[in-house]
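Report on one structure; see the data block that follows.
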Amino acid sequence: MGSPPPSLAAILATHLSGDGATATDPVGPAALAELRGRLEAAARAAVLEADLPGDAGPLRLPKHRIAALLDCERHVLAALSDGLGDGLGEDPRAVALGRLVDVLTGYRVLKGPAARRDLAMGTELIRADAGDRPDAVLNWLDGLTTDERGDLTTELDRRLDRLLAGWPSFDPAWWPRTQEPVALTLADGQVVVSGRLDVTVGGPPTAWPMAVIEVKSGRFSGAALDEQLLYALLVALRDGRAPGLVVTCAALSDGPVAYPVTIAHLRPAAGRLEAALAAAGRLAGGRHRPIERASWRCRPCPAQRSCSTYDGR
Amino acid sequence: MATDPQHRGVERALIDALEPVASGLPEGKYASTEPALRVAVRHNDLGDAARCPAQVAMAGPSPFTPNADVATPSLALAVLDQMVHGDPAPDPVTAYRAAFADGGRDQFPWEWLGGGDRRHPVTTADKAVCAMRAVERATAVARVVPHLRARVTRVGERCRWNHPERPVRLQGRVDLVIGPLLPAATAELLVVFPGSWSPLIRPRLAYEAVLLTVHGQRPATVTAVCLAEGRTYSQPVTPDLLDEGVAATATAVAAVAGGLRKEPRQLPRQPGPHCGRCRSAPACGPGTAWLDGPGRRRSGFLVGSDDLPGVEEM
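Written out as structure tokens, the structure is:
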């Protein structure tokens, strides 16, 4: 039996050791310029293919749309025409658990180990974050019965217990922050790729390289790895320097998964983004048949009866 | 034609541009009593009005409710102030205490965050969300604007202008100032936006340049700091930019006044992706036509479902 994986506290202690002055850039400006050039070309091709009217605004690719487009273009169109909106038919309980875990881990970063992390606190954090805006998760939470709230409380406690074991107290000198937005603008502003980083420490103007910590309420998966590397790519192109480390903490997996970022990680992330840009251009242009791919999205998909690829999952 | 660069010339141009809408408004006093109807244009009205004046008017004046969205910009500025003047790392608690003790500026958020607003009680979650956002934004500003402490001379510069004869008030806010604010156009004004660049940011920058100029403190440059994309966009304050600012101000005053007078139908309708979230779109001919245009519904997922970029304040 192998040794248990290192805790987040141990990973960050190593990453943020010393004064950071000796940290080197593992990717370098020439490699980043090459990736940006590839993405610029893909974005311009997507804009041409989309052929949107001049007043339509930019093509927007937040993280969840990139994943959806690469999973199945047909599902994206079917879910939209069926009124499922941008959630694309995801299980509302899973979405709510994900949001609760996000806000409560953010609160844990701010307040330290003594921070409250129960369902009531999570709901209030979501309410405060939503402000005057309608919020589907809040509506769903407000509609739960007492029994359903009890079940959700038990599940949330279980996941947070596992997730937050081994988390450090976040030293203010690390400049810890939560829900940091990151965006990449391409094709003279006609394409915007964006994401939101759950927890970040270090990076400019501190001396340490940035560490990006992603929080998952479920298991670590290939999709989580893709997401982690997309974030590394967006930060690298935003700051002109790749983050030193990406870490995913998944509640239902054993320990954090951490990678030092290298060009070998950023190249496949750029490749996926190129493919998503091409898909966005195709869908917006409407001149091609959307590509079908079987995935977990088949289960809630409104097009499953007429889809030759539907695999019955 | 370019405007006279002297501030009196800009103020005259502003008064002239506002006359078509301001002349129809009842006159009001400014000194001791508020008039029954005063058109108060705020900095964040500029982008909205540039997008669609009718949409601003149809939304009308919204009741003021304190929440984390409203309080975060002030707390983020207080954190930045602390970073510029002492603290090496962002610390929302120290920043809040210093701002509360200071008292004079932005009384609202400090009273609310301190639990002193009985009509709108603050929750622990409200305070936590404000603190988390303020730290994130102040850190991002320090990342995008290097050497903050050495360069920034003022944090949170506010500016007001009252029309000398009409019930119109303009309110502006610049997040950071680099260099002295003098008539000789030496300062750089920085306005922080959490998102990425949008053409709707430009009228806001021009508006701030106009407001400072009519106060005799014409800036040399106005800069948008777009946090999510980690970039700054600078515009030199030229007579043409001031002309743009005057025109954008007139558009915003007309939009806000249209809402107060409940006359949105007389305002220009500028359809676009924002129609997808406009409550008035079903009753708006151009909006409905835009949404029903070829490919709109299909491409709406890709272009129009997100928050529109960057025009909200920090």
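Chains as they are written, first to last, in our numbering: chain A, 79 to 391; chain B, 159 to 472. Beta carbons: idealized from backbone N, C-alpha and C, even for Gly. Bear in mind the structure is a predicted one, so any value in this text is a computation, not a measurement.
Review point. How about cysteine 384(B): is its C-beta nearer than 9 angstroms to some C-beta of chain A?
Key: yes
**Study point:** Other residues of its chain near arginine 138(A): CB distance less than 6 angstroms, five sequence neighbours each side excluded
**Key:** For arginine 138(A), where only same-chain residues beyond five positions count, the Cβ hits under 6 angstroms are Val270.
Check your understanding: Where does isoleucine 291(A) sit, in a helix, a strand or coil, going by DSSP?
Key -> strand
**Study point:** Residue-level contact to chain B via CB, tryptophan 286(A), 9 angstroms cutoff
**Key:** no
Check your understanding: Taking a cut of 8 angstroms between CB atoms, which residues from the stretch 200 to 228 of chain A lie near chain B?
Key -> Glu202, Leu203, Arg205, Ala206, Asp207, Gly209 and Asp210
Check your understanding: Of all Cβ atoms in chain B, is any one closer than 9 angstroms to the Cβ of lysine 423(A)?
Key -> This structure gives no information on residue 423(A), because the portion of chain A shown stretches from 79 to 391.
Review point. Taking buried to mean at least 16 other C-beta atoms within 10 Å of its own C-beta, is glycine 182(B) buried or exposed?
Key: exposed
Exercise for review: In the DSSP assignment, find the alpha helix (DSSP H) that holds tryptophan 286(A) and state where it starts and stops.
Suggested key: Here tryptophan 286(A) belongs to no alpha helix (DSSP H), and DSSP marks it neither H nor E.
Point to revise | Contacting positions in the stretch 169 to 190 of chain A - beta carbon closer than 9 angstroms to chain B | key: Residues of the stretch 169 to 190 of chain A whose Cβ lies closer than 9 angstroms to any Cβ of chain B, in chain order: Val181, Gly184, Tyr185, Val187, Leu188 and Lys189.
Practice item. Mind checking which residues open and close the beta strand (DSSP E) that includes glutamate 315(B)? Key: 310 to 320
Practice item. Leaving out five residues on either side along the sequence, give the residues of the same chain with a beta carbon under 6 angstroms from the beta carbon of histidine 165(B). Key: Thr371, Val372 and Gly374
Check your understanding: valine 287(B) versus chain A: which residues are under 7 angstroms apart at the beta carbon?
Key -> Leu203, Ala206 and Asp207, listed in chain order.
Point to revise | Cβ of tryptophan 253(A) within 9 angstroms of any chain B Cβ | key: yes
Point to revise | Per-residue DSSP class, three states only, for leucine 348(B) | key: strand
Check your understanding: With distances taken from CA atoms, which of His305(B), Tyr254(B), Thr230(B) and Pro322(B) is nearest alanine 208(A)?
Key -> Thr230(B)
Review point. Quick check: the stretch 266 to 275 of chain B against the stretch 325 to 332 of chain B, are there 3 or more CB pairs under 8 angstroms?
Key: no
Point to revise | Simplified DSSP state of serine 368(A), which is helix, strand or coil | key: Reading off the sequence, residue 368(A) comes out as proline, not serine. The answer is coil: DSSP assigns proline 368(A) none of H, G, I, E or B.
Check your understanding: Which residue from Ala406(B), Thr297(B) and Leu400(B) puts its Cα closest to that of glycine 388(B)?
Key -> Thr297(B)
Check your understanding: Which residues, taken in chain order from the stretch 351 to 385 of chain B, show a beta carbon closer than 9 angstroms to some beta carbon of chain A?
Key -> Pro352, Gly353, Ser354, Trp355, Ser356, Pro357, Cys384 and Leu385
Check your understanding: The alpha helix (DSSP H) with cysteine 436(B) in it runs from where to where?
Key -> From DSSP, cysteine 436(B) is part of no alpha helix (DSSP H); its letter is neither H nor E.
Check your understanding: Hey, is the stretch 247 to 263 of chain A in contact with the stretch 177 to 197 of chain A, meaning 3+ C-beta pairs nearer than 8 angstroms?
Key -> yes
Practice item. Report the residue ranges of all beta strand (DSSP E) runs contained in full by the stretch 328 to 405 of chain B; include only those spanning at least 3 residues, in chain order. Key: 346 to 351, 379 to 384 and 389 to 394
Exercise for review: Check whether the Cβ atoms of leucine 86(A) and glycine 244(A) sit closer than 9 angstroms, and answer yes or no.
Suggested key: Yes, Cβ-Cβ distance for leucine 86(A) and glycine 244(A) is below 9 angstroms.
**Study point:** CB contact below 9 angstroms: glutamate 294(B) versus chain A
**Key:** yes
Review point. Relative to the C-alpha of alanine 413(B), which residue among Arg209(B), Asp174(B), Pro248(B) and Asp260(B) is closest?
Key: Arg209(B)
**Study point:** For arginine 143(A), the first and last residue of its enclosing alpha helix (DSSP H)
**Key:** 141 to 149
Review point. Mind pulling the chain B residues with CB within less than 8 angstroms of arginine 371(A)?
Key: Here the premise fails: no neighbours, minimum Cβ distance about 18 angstroms.
**Study point:** Simplified DSSP assignment, three categories, for threonine 409(B)
**Key:** The answer is helix: DSSP assigns threonine 409(B) an H, G or I state.
Practice item. Ignore the nearest five residues each way along the sequence and tell me which others in serine 190(B)'s own chain have a CB closer than 7 angstroms to its CB. Key: With a pLDDT of only 40 at serine 190(B), under the threshold of 50, the placement of this residue in the model should not be trusted; the figure read from the coordinates follows. Counting only Cβ-Cβ distances below 7 angstroms, and skipping sequence neighbours, we find nothing.
Exercise for review: Kindly identify the DSSP beta-bridge partner or partners of tyrosine 337(A).
Suggested key: Val324(A)
Check your understanding: What separation, rounded to the nearest whole angstrom, lies between the Cα atoms of glycine 244(B) and alanine 257(B)?
Key -> 14 angstroms
Practice item. For methionine 159(B), count neighbouring Cβ atoms within 10 angstroms of its own Cβ and tell me buried if that reaches 16, exposed if not. Key: Low confidence applies to methionine 159(B): its pLDDT is 41, below 50, so where it sits in the model is not reliable enough to give any reading.
Practice item. For alanine 134(A), count neighbouring C-beta atoms within 10 Å of its own C-beta (all shown protein chains included) and say buried if the count is 16 or more, exposed if not. Key: buried
Practice item. Output the distance between the C-alpha atoms of valine 228(B) and leucine 347(B), rounded to the nearest integer angstrom. Key: 22 angstroms
Check your understanding: DSSP on leucine 233(B), reduced to helix/strand/coil?
Key -> helix
**Study point:** Which of helix, strand or coil DSSP assigns to aspartate 276(A)
**Key:** strand
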